[in-house]
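Enquirer: In our numbering, the protein residues as written are 80 to 352.
Here is the structure:
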């Protein structure tokens with residue numbers, strides 16, 4: 080999949096340098112042999128992000144929701160991985176037009192908006208990523224990395240073409256409203272969060288409970304039927320493969336901090352049995 084990213088960048092850079100591709104560009108070309116695989120970057124360390132980008136993941140999901148990452152830190156991480164074919168995807172802390180504006184101005188091209196439970200919340204996120212008249216994004220491209228400080232000709236009129244908006248379905252309400260949420264104009268894809276979904280179903284900590292798995296697969300089916308792409312968070316490899324086999328277009332298979340915690344524990348236990 081990374082060769083496809085290289086191809087997009089080579090083709091589009093002369094017209095809108097530094098702005099393409101975003102995550103949605105990968106899915107028409109994805110296949111069973113080249114599924115889109117990524118992981119969380121939660122540490123905020125640019126060196127760790129660069130190491131992961133050099134591994135060859137299709138994307139890194141930089142987490143601004145459950146990690147103590149500032150705007151400055153996220154911008155540094157985006158810069159660290161910009162030289163690699165791995166795409167930077169950023170999860171904002173909440174569905175806020177102010178925060179979304181700031182994250183877009185950092186140069187994030189692909190955003191995940193958490194806790195979207197209704198059509199109205201999905202519509203609010205869609206408005207936040209678009210300039211007027213389609214949306215409410217504040218105009219500040221001359222001051223921001225997103226428009227390369229006013230060096231991208233036509234950025235204001237083309238910016239929305241380069242942005243991927245992914246809303247996160249992670250509650251029983253979102254499962255119920257999945258088809259309607261996916262159908263919202265401006266929503267490019269849906270990302271399923273089984274952990275919060277399980278909690279909302281009264282199954283806290285039971286992401287692989289059959290009822291939770293069934294709910295995840297229901298959302299996958301509804302989003303695909305709406306013609307949008309869909310992904311899911313699944314750190315267990317067998318579960319990740321099952322969701323891909325069930326139609327998920329991408330899967331988030333780990334986190335840098337989780338790998339460090341598990342790897343360091345295993346190393347110590349090898350010497351202290």
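All C-beta atoms, glycine included, are put in the ideal place defined by N, C-alpha and C.
Run the CB neighbour count on residue 353, radius 10 Å, all protein chains shown included, and call it buried at 16 or more, exposed below.
Expert: Because residue 353 is not part of the residues shown, which for the chain are 80 to 352, the question remains open.
Enquirer: By how many angstroms is the C-alpha of residue 289 removed from the C-alpha of residue 188?
Expert: Their backbone Cα atoms lie some 35 Å apart in a straight line.
Enquirer: Check the DSSP bridge columns for residue 138 and list the partner residues they point to.
Expert: 117, 166, per the DSSP bridge assignment.
Enquirer: From the DSSP secondary-structure annotation, give me the bridge partner or partners of residue 331.
Expert: 117, 312
Enquirer: Can we say the stretch 304-311 touches the stretch 258-277, given the rule of at least three CB pairs closer than 8 Å?
Expert: yes
Enquirer: Taking the alpha-carbon of residue 44 as reference, which of 153, 106, 102 has the nearest alpha-carbon?
Expert: Residue 44 lies beyond the range of the chain shown here (80 to 352); nothing can be said about it.
Enquirer: Under 6 Å Cβ to Cβ from residue 92, same chain only, skipping five residues before and after it: list those, please.
Expert: Residue placement at residue 92 is poorly supported in this model, since its pLDDT is 40, which falls under 50; the coordinates still yield a value, given next. Nothing meets the Cβ criterion.
Enquirer: Determine whether the beta carbon atoms of residue 123 and residue 140 lie at a separation below 8 Å.
Expert: no
Enquirer: Less than 6 Å between C-beta atoms, sequence neighbours within five positions excluded: which residues of the same chain meet that for residue 245?
Expert: 191, 268, 270
Enquirer: Candidates 106, 120, 300, 281: which alpha carbon is nearest residue 68's?
Expert: The displayed coordinates of the chain run from 80 to 352. Any statement about residue 68 would go beyond what the structure contains.
Enquirer: Just to confirm the assignment: which complete alpha helix (DSSP H) runs, minimum length 4, are found wholly within the stretch 145-191?
Expert: 150-160, 176-184
Enquirer: Which residue wins for smallest C-alpha separation from residue 217, given the options 116, 207, 226?
Expert: 207
Enquirer: So the candidates are 286, 243, 345; which of them puts its Cα closest to the Cα of residue 169?
Expert: 243
Enquirer: Go ahead and pull the three-state DSSP assignment for residue 83.
Expert: Bear in mind that a pLDDT of 49 at residue 83, under 50, signals an unreliable position, so the number given afterwards is only what the model happens to contain. The answer is helix: DSSP assigns residue 83 an H, G or I state.
Enquirer: When you compare each of 155, 231, 160, 202 to residue 175 by their alpha carbons, which one comes out closest?
Expert: 202
Enquirer: I believe residue 314 touches residue 337 by the beta-carbon criterion, under 8 Å. Please report the beta-carbon distance rounded to the nearest angstrom.
Expert: 7 Å
Enquirer: Can you tell which of 173, 177, 129 has its C-alpha closest to the C-alpha of residue 146?
Expert: Relative to the Cα of residue 146, the nearest Cα in the group 173, 177, 129 belongs to 173.
Enquirer: How many Å lie between residue 283 and residue 276 at the Cα?
Expert: 8 Å
Enquirer: Using three-state DSSP, classify residue 241 as helix, strand or coil.
Expert: helix
Enquirer: By the three-class DSSP mapping on this structure, what secondary structure does residue 231 have?
Expert: Here DSSP, grouped into helix, strand and coil, assigns residue 231 to coil.
Enquirer: Using CA coordinates, which residue listed in 312, 151, 212, 163 is at the minimum distance from residue 182?
Expert: 151
Enquirer: Start and end of the beta strand (DSSP E) containing residue 269?
Expert: Its beta strand (DSSP E) spans residues 268-271.
Enquirer: So what does DSSP say about residue 202, is it helix, strand or coil?
Expert: helix
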